[in-house]
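Colleague: I'd like to ask some things about the structure below.
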């Protein structure tokens, strides 16, 4: 798990790229659209950034000896109800 994180590791890079994309998207949106709908769009970027931060925390928890959570609880897969 530590191979996917570290200084400039993929987890941190994905979080940083998401944050940068959010800023770029915001600027482009405001140059062409009204700001009223912007928060609804930006929350998608915020949720994505939060997800990468959550995965980083799971990694640290695992390093401290806590078991890995189930994939469904960590947001990896959505459950389908029948």
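Numbering (our numbering), first residue to last: 1281 to 1362. C-beta: ideal position from N, C-alpha, C; glycine also.
1) Consult DSSP for residue 1314 and reduce its assignment to one of helix, strand or coil.
2) Which class does residue 1350 belong to by DSSP, given the choice of helix, strand or coil?
3) Note down the Cα distance separating residue 1334 from residue 1319, rounded to an integer number of angstroms.
4) In angstroms, rounded to a whole number, what distance separates the CA positions of residue 1330 and residue 1314?
5) State yes or no: is the C-beta of residue 1332 within less than 9 Å of the C-beta of residue 1295?
Modeller: The relevant details are as follows:
1) Three-state result, residue 1314: coil.
2) Reduced to three states, the DSSP call for residue 1350 is coil.
3) 22 Å
4) 26 Å
5) yes
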